[in-house]
Every structure is written in C-alpha cells, then in structure tokens.
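Student:
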Amino acid sequence: MTKERDNMFHSYFEMDTKNLFQHRNELKEKYDIAKKELALINEVLDAKHYNEARNELASQNKNFGTVIISTDSNHLQMKVNVKKKVSWDQAGLMTTLDTQMNADDARHYGKISVTIEERKYTNAPPAIKSLLEPHRTVEMSSTTYELEEIE
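Here you go:
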C-alpha cells in the first residue's frame, strides 16, 4: 500500500459507519455523474472524428485497428483505436468442430466455451478459416481517442 492509500484507509477506518456510508454515497453520485459526462464526451469525439478514422482505416484495407488523424490544432494529432468484438455462433461452431475438422485441429482451435481465439483464427489456413467463418460475428466494441503532441 502507498502512504497516501494508508492514510486514506486509516481516515475511513476512523469514521463511524453512518458517515462512511454517507461519504461512499456522495462519491458514488460524483462517479455516476462523471461516467455520464465521459460517455457524452466520447459520443462527441465519435461524432467529430469517427468517420475520418474509419476512412483512414479503409484506406489501409482495415476495418479495425489504430490510426493517427490530424486535429484542428497544428501541434496535436489524435490516435484513434477502433476496437472489435468477436462472438461465435455456439451451436454451429460446435457442429463444425465435431463433424468437419479432425480431432487435433478441433482441440487446437476450439475451447470448451466453444469459441475461437482471435489470434488463432487470424493465423489459420484458408481451409480452416472457411469452415469457421459462418459462425463468427464481428462488431465494433469501442473506440478510444488519445491526443498526442507533434514534434
């Protein structure tokens, strides 16, 4: 524990239970307000920069990943990371692993939760990919933005 954390712990420990809960509720309220404000700011960043980031990704023949885009300031650039979320059709994937692949390949690529690790799918040979593809769904997970100074 850090000294600051130790001091805070001790301070909270000394509070009576009513005040401790009251302080916790105040912090939770501030946290909830901050989460909503952060979500709104992220919506604004999406509205202002998402299309430009997607266009840059498309120019690189990508749907997801990290790109650098310019901003309205000459001394700043923005790193935009468009993340993906992959899910698998469980029933179809189980059938494919059980009936269309040899047991060693099925054990290597599949997991008991009936999913395929994205790195293995990406590196799989075309014949394996074509068997697995019908069971794979890729959606946008989230987008992050970071501002960087240009030197």
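The opening residue of the sequence shown carries number 196 in this note's numbering; numbering runs sequentially from there. In this text, a Cβ means the ideal position worked out from N, Cα and C, and glycines have one as well. In this text, all values refer to a predicted model and were calculated from it rather than measured experimentally.
1) In the DSSP assignment, find the alpha helix (DSSP H) that holds Asn250 and state where it starts and stops.
2) Opposite Ile311 in the DSSP bridges: which residues?
3) Between Lys257, His330 and Asn276, which has its C-alpha nearest Leu292's C-alpha?
4) Mapping the DSSP letters down to three states, classify Glu328 as helix, strand or coil.
5) Three-state secondary structure (DSSP) at Ser265?
6) Say whether the region 241-256 touches the region 273-286, bearing in mind that this needs 3 or more beta-carbon pairs closer than 8 Å, one atom from each stretch.
7) In whole angstroms, what separates the C-alpha of Glu334 from that of Ser265?
8) At the level of alpha carbons, what is the spacing between Ile228 and Val239?
9) Tell me whether Leu327 is buried or exposed, calling it buried when 16 or more other Cβ atoms sit within 10 Å of its Cβ.
10) Helix, strand or coil: which one does DSSP assign to Thr197?
11) Evaluate Tyr304 with the Cβ neighbour count: other Cβ atoms within 10 Å of its Cβ, from every protein chain shown; 16 or more gives buried, anything less gives exposed.
12) Mind checking Ile236: buried by the 16 CB within 10 Å criterion, or exposed?
13) Mind checking Ile345: buried by the 16 CB within 10 Å criterion, or exposed?
14) Using CA atoms only, rank isn't needed, just tell me which of Asn258, Phe208 and Asn297 is closest to Ile323.
15) Arg200 to Glu312, Cα distance in whole Å?
16) Check Glu346 in the structure and name its three-state DSSP category.
Tutor: For this structure:
1) Here the question's residue 250 lines up with position 55 in the sequence shown. Start and end: Thr212 to Ser254.
2) Numbered from its first residue, the sequence shown carries residue 311 at position 116. The partner list for Ile311 (beta bridge, DSSP) reads Gly305.
3) Locating residue 292 in the sequence shown gives position 97, counting from the first residue. Ranking Lys257, His330 and Asn276 by Cα distance to Leu292 puts His330 first.
4) Your numbering for residue 328 matches position 133 in the sequence shown. DSSP places Glu328 in helix when its eight states are reduced to three.
5) As a first step, residue 265 must be located in the sequence shown, where it is residue number 70. It is a strand residue.
6) yes
7) Counting from 1 along the sequence shown, the entry for residue 334 is found at position 139. Counting from 1 along the sequence shown, the entry for residue 265 is found at position 70. Using only the alpha carbons, I get a separation of about 26 Å.
8) Within the sequence shown, numbered from 1, the residue matching residue 228 stands at position 33. Within the sequence shown, numbered from 1, the residue matching residue 239 stands at position 44. Those two C-alpha atoms are separated by around 17 Å.
9) Mapped onto the sequence shown, residue 327 falls at position 132. Leu327 is buried by the Cβ-count criterion.
10) Within the sequence shown, numbered from 1, the residue matching residue 197 stands at position 2. Note: Thr197 maps to coil in three-state DSSP.
11) Walking along the sequence shown from the start, residue 304 turns up at place 109. By the neighbour-count rule (16 or more Cβ atoms within 10 Å), Tyr304 is buried.
12) Stepping through the sequence shown from its first residue, residue 236 is reached at position 41. Classification for Ile236: exposed.
13) Indexing the sequence shown from 1 puts residue 345 at position 150. Classification of Ile345: exposed, given that the 10 Å Cβ count is below 16.
14) Along the sequence shown, one-based indexing puts residue 323 at 128. Of the candidates Asn258, Phe208 and Asn297, the one whose C-alpha sits nearest the C-alpha of Ile323 is Asn297.
15) Residue mapping note: residue 200 aligns to position 5 of the sequence shown, counting from 1. Residue mapping note: residue 312 aligns to position 117 of the sequence shown, counting from 1. Looking at the two C-alpha atoms, the distance is approximately 38 Å.
16) Along the sequence shown, one-based indexing puts residue 346 at 151. DSSP places Glu346 in coil when its eight states are reduced to three.
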